[in-house]
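S.K.: Quick one: structure below, then a few questions.
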Amino acid sequence: MKGTLLWRNRVGFTSALLMILSLHLISSGVKPGDIALRPAGMTLSIMAPVESAMNNFAQGSTGFVRNYFDLVNVRRENERLKAELAAVKSDQARLIELETENHHLTDLLDLKDVLGGNSIAANVIGSDANSFARTLTIGQGSSSGVRAGMPVLSFQGVVGKVIVVSPHAARVLIIDDHNSALDAFDQRTRTRGIVAGVVDDGITMKYVERSEDVRPGDTIVTSGLDGIFPRGLLVGSIKSVMGEGPGMFLNVSITPAVDFRSLEQVLVITEMPEQPEHTQSASKG
Amino acid sequence: MVIIFGIAAYLALLIQTAVPLWFPFRALIPNLIIILTVDLGLRHHGALAALIAFALGYATDSMSGTTIGMNAFLTTGIFLLTYEVSSRLLVTNALLGAIAVFFAVVIAGLGAIIILSGRGAPSVINSAMPTLTLQALISAIVAPIVFALMAGSKRIVGLPDRLERE
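Taken in order, these protein sequences are the chains called A and B. Under the working numbering, the residues of the first sequence are numbered 1 to 285, in order. Under the working numbering, the residues of the second sequence are numbered 1001 to 1166, in order.
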């Protein structure tokens, strides 16, 4: 065996085979339930508890580090007073943090009441492992009723949809990922389009014909026609409209309503609210 | 070797997914998975190393985006490149490793953009290049530390930490 061409080039052959396998995975695409997604669910199960713990530790350690630097140059006779002050400050910071969290959760509860249907709140515990993809890990999974395809919202607007679920965590595809697409319309003119992510460049509204009246500042909301997101949820506002160059459609850039980088809590819609009968009126084509 | 790289990949993915939540400057977070892949390519010349490189990418795919196979393809390709470079070099030191990491992070970033954006890649590359270069630089700076930690771990379990030709 040793000394044969195959043995001498085993690293190259193995790598080439694995690269062909990867290309097959990329080109065939992966649908929910595929065998290729099973390792993703397993990885999520293994990672989620530690991610969650790290998140909690980071929040706690921020206060600890701050207190340490506050006290480092203090004279001995002032230490007790400083420590007390630091403790009070720490408590205050914790209270402010709790108050902020309370506000977020209250906003989510308000949103839940407005939406109807069933939904559950979840903490954001992780982000994407790659700089060019946009996903989040949330701390609720199939044991809480979360399933792939469920819409995820924040009190600011649409966040994305669930793509991978493990018992106690789930991964959410954010609407600014290049693989994300949702049906939406301009609230002022009812012009429909598909809101999709652009790699490393926010979100855009596709398939808006040049004859349509869309302007910067217009509000974009979900149409409910994609069967995933309920109708009327805020997606964002139009940042710019460009019609230069060839093509049938306008280039509509959108500022998302949600600041995806600072998300802490989200709402997963586990049971869709009843769609109003006039949903089709949003359609123009 | 599998266990060491498994633990290292687990920690690397934890850092890469958890840190961006508290630290907003994503470009300053090194690409640890690519550093581990370069370590494999530079120091482990066997078919098992190629499989580990593929597994590193597949694990990243499990925690990233929706294009399953993309990171697996990129890490295997980077492993093969660094393996070929390392096979032709007389020495393999931390500086060479850092340079390899710099180029590997850039290649992985460009590869991801091309796979994700297709024909729209040139414009995305123009806008993403400064961020990508910064991340590659940070990764290259961090790389010698990771190499040292990996070498230490390998020594503990009795694995050779220098070039290993099967």
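Every residue, glycine too, gets a C-beta built ideally from N, C-alpha and C. Treat the numbers as computed from the prediction; the structure is a model and nothing was measured.
Which residues in the same chain as T255(A) place their Cβ atom closer than 7 Å to its Cβ, once the five residues preceding and following it in sequence are excluded?
M.R.: Sequence index remark: in the first sequence, residue 255(A) carries index 255 (1-based). Cβ-Cβ distances below 7 Å link T255(A) to G236, S237, K239 in the same chain, with the five nearest sequence neighbours on each side left out; the list follows chain order.
S.K.: Considering only the alpha carbon of each residue, which of D1061(B), L1048(B), L1040(B) lies closest to M42(A)?
M.R.: Position 42 of the first sequence, counting from 1, holds the residue named residue 42(A). The shortest Cα separation from M42(A) among D1061(B), L1048(B), L1040(B) belongs to D1061(B).
S.K.: Work out the CA separation of G126(A) and A86(A) for me, nearest whole Å.
M.R.: Sequence index remark: in the first sequence, residue 86(A) carries index 86 (1-based). Sequence index remark: in the first sequence, residue 126(A) carries index 126 (1-based). A86(A) and G126(A): Cα-Cα distance of roughly 30 Å.
S.K.: Mind checking which residues open and close the beta strand (DSSP E) that includes T1082(B)?
M.R.: Reading the second sequence from its first residue, position 82 is the one you call residue 1082(B). Premise fails: T1082(B) lies in the alpha helix (DSSP H), 1070 to 1088, not in any beta strand (DSSP E).
S.K.: Put I228(A) into one of helix, strand or coil per three-state DSSP.
M.R.: Residue 228(A) sits at position 228 when you count from the first residue of the first sequence. Of the three classes helix, strand and coil, the one that applies to I228(A) here is coil, per DSSP.
S.K.: Using the C-alpha atoms, what's the distance from T1037(B) back to D177(A)?
M.R.: Sequence index remark: in the first sequence, residue 177(A) carries index 177 (1-based). Sequence index remark: in the second sequence, residue 1037(B) carries index 37 (1-based). The alpha-carbon atoms of D177(A) and T1037(B) are separated by roughly 26 Å.
S.K.: Could you tell me whether any Cβ in chain A is nearer than 7 Å to the Cβ of A1104(B)?
M.R.: As a working mapping, residue 1104(B) is identified with position 104 in the second sequence. So no, A1104(B) is outside the interface.
S.K.: Leaving out five residues on either side along the sequence, give the residues of the same chain with a beta carbon under 8 Å from the beta carbon of G285(A).
M.R.: On the first sequence, position 285 is the one that residue 285(A) refers to. Residue confidence for G285(A) is low, a pLDDT of 36 falling below 50, so the modelled location carries little weight; the figure read from the coordinates is stated next. Same-chain partners within the cutoff: R192.
S.K.: Which residues does DSSP pair with L5(A) in a beta bridge?
M.R.: For this step, residue 5(A) is matched to residue 5 along the first sequence. Paired residues: none, contrary to the question.
S.K.: Tell me whether R147(A) is buried or exposed, calling it buried when 16 or more other Cβ atoms sit within 10 Å of its Cβ.
M.R.: In the first sequence, the residue the question calls residue 147(A) occupies position 147. Looking at its Cβ environment, which holds fewer than 16 other Cβ atoms inside 10 Å, R147(A) is exposed.
S.K.: Hey, is H178(A)'s beta-carbon within less than 7 Å of any beta-carbon in chain B?
M.R.: By one-based count along the first sequence, residue 178(A) stands at place 178. Yes, its Cβ sits closer than 7 Å to a Cβ of chain B.
S.K.: Nearest CA to the CA of I1068(B): which residue from L18(A), A184(A), L37(A)?
M.R.: What you label residue 1068(B) is simply residue 68 of the second sequence in a count that begins at 1. The shortest Cα separation from I1068(B) among L18(A), A184(A), L37(A) belongs to L37(A).
S.K.: Determine, for F185(A), whether the minimum Cβ-Cβ distance to residues of chain B falls below 7 Å.
M.R.: Taking the first residue of the first sequence as 1, we reach residue 185(A) at position 185. False, the Cβ-Cβ gap to chain B never drops below 7 Å.
S.K.: Rounded to the nearest angstrom, what separates L109(A) and L173(A) at their Cα positions?
M.R.: As a first step, residue 109(A) must be located in the first sequence, where it is residue number 109. As a first step, residue 173(A) must be located in the first sequence, where it is residue number 173. Using only the alpha carbons, I get a separation of about 22 Å.
S.K.: Classify I1145(B): buried if its beta carbon has 16 or more other beta carbons within 10 angstroms, exposed otherwise.
M.R.: For this step, residue 1145(B) is matched to residue 145 along the second sequence. Flag for I1145(B) reads exposed.
S.K.: What are the boundary residues of the alpha helix (DSSP H) that F1025(B) is part of?
M.R.: Within the second sequence, the letter at position 25 stands for residue 1025(B). Counted as a single uninterrupted DSSP element, the stretch harbouring F1025(B) is not any alpha helix (DSSP H), since DSSP gives it neither H nor E.
S.K.: By the 7 Å beta-carbon criterion, what residues does the region 199 to 214 of chain A contribute toward chain B?
M.R.: V199, D200, D201
S.K.: In chain B, what lies closer than 9 Å to V124(A) by C-beta?
M.R.: Taking the first residue of the first sequence as 1, we reach residue 124(A) at position 124. Neighbours of V124(A) on chain B, chain order: L1021.
S.K.: What in chain B is Cβ-close to N130(A), meaning under 7 Å?
M.R.: Taking the first residue of the first sequence as 1, we reach residue 130(A) at position 130. The contacting residues are T1060, S1064, G1065, N1071, A1112.
S.K.: Assuming V258(A) and Q156(A) form a contact by the criterion Cβ under 8 Å, report the distance between their Cβ atoms to the nearest whole angstrom.
M.R.: Here residue 258(A) is taken as the residue at index 258 of the first sequence, counted from 1. Here residue 156(A) is taken as the residue at index 156 of the first sequence, counted from 1. So it is a contact: roughly 4 Å between Cβ atoms.
S.K.: Leaving out five residues on either side along the sequence, give the residues of the same chain with a beta carbon under 6 Å from the beta carbon of T14(A).
M.R.: Against the first sequence, residue 14(A) aligns to sequence position 14. Hits under 6 Å: none found.
S.K.: Helix, strand or coil for Q1016(B), going by three-state DSSP, please let me know.
M.R.: Numbered from 1 along the second sequence, position 16 holds the residue referred to as residue 1016(B). Helix at Q1016(B).
S.K.: Exposed or buried, G1077(B), counting other C-beta atoms within 10 Å across all chains shown (16 or more means buried)?
M.R.: Along the second sequence, one-based indexing puts residue 1077(B) at 77. Result: buried.
S.K.: Going along the chain, which residues of the region 1027 to 1043 of chain B sit with their C-beta nearer than 9 Å to a C-beta in chain A?
M.R.: A1027, I1029, N1031, I1033
S.K.: If I follow the unbroken beta strand (DSSP E) through Q265(A), where does it start and stop?
M.R.: On the first sequence, position 265 is the one that residue 265(A) refers to. Residues 265 to 271.
S.K.: So, using beta-carbon positions, are Q1135(B) and A1027(B) closer together than 7 Å?
M.R.: Your numbering for residue 1135(B) matches position 135 in the second sequence. Your numbering for residue 1027(B) matches position 27 in the second sequence. Their beta carbons are under 7 Å apart, which means Q1135(B) touches A1027(B) by this criterion.
S.K.: According to DSSP, simplified to helix, strand and coil, what is F185(A)?
M.R.: For the purposes of this step, residue 185(A) is taken as residue 185 along the first sequence, with counting starting at 1. Strand.
S.K.: What does T1076(B) reach in chain A if we use C-beta pairs closer than 7 Å?
M.R.: Position 76 of the second sequence, counting from 1, holds the residue named residue 1076(B). Those within 7 Å of T1076(B) in chain A are S15, L18, M19, S22.
S.K.: Leaving out five residues on either side along the sequence, give the residues of the same chain with a beta carbon under 8 Å from the beta carbon of L1089(B).
M.R.: In the second sequence, the residue the question calls residue 1089(B) occupies position 89. Only residues of its own chain outside the window of five on either side were considered, and among them L1096 have a CB closer than 8 Å to the CB of L1089(B), listed in chain order.
S.K.: Closest by CA to E51(A), which one among S119(A), D128(A), G202(A)?
M.R.: Numbered from its first residue, the first sequence carries residue 51(A) at position 51. Nearest option by C-alpha distance: D128(A).
S.K.: Tell me which same chain residues have a C-beta within less than 7 Å of the C-beta of V1101(B), skipping the five on either side of it?
M.R.: Position 101 of the second sequence, counted from the start, is the residue given in the question as residue 1101(B). I1034, I1035, V1038, S1139, A1140, A1143.
S.K.: Tell me the rounded alpha-carbon separation between N102(A) and V159(A).
M.R.: The count along the first sequence starts at 1 and reaches residue 102(A) at position 102. The count along the first sequence starts at 1 and reaches residue 159(A) at position 159. Looking at the two C-alpha atoms, the distance is approximately 20 Å.
S.K.: Work out the CA separation of L1074(B) and G217(A) for me, nearest whole Å.
M.R.: In the first sequence, the residue the question calls residue 217(A) occupies position 217. In the second sequence, the residue the question calls residue 1074(B) occupies position 74. Distance between the alpha carbons of G217(A) and L1074(B): 40 Å.
S.K.: By alpha-carbon positions, which one of I1113(B), A1121(B), L1132(B), V1019(B) ends up nearest to F1103(B)?
M.R.: As a first step, residue 1103(B) is located in the second sequence; it is residue number 103 there, counting from the start. Nearest C-alpha to F1103(B): L1132(B).
S.K.: Restricting to runs no shorter than 3 residues, where is the beta strand (DSSP E) found entirely within the region 150 to 202 of chain A?
M.R.: 151 to 154, 157 to 166, 169 to 174, 181 to 186, 192 to 197
S.K.: Within this structure, are the beta carbons of F1054(B) and L18(A) separated by less than 7 Å?
M.R.: Sequence index remark: in the second sequence, residue 1054(B) carries index 54 (1-based). Sequence index remark: in the first sequence, residue 18(A) carries index 18 (1-based). A contact, by the Cβ cut-off of 7 Å.
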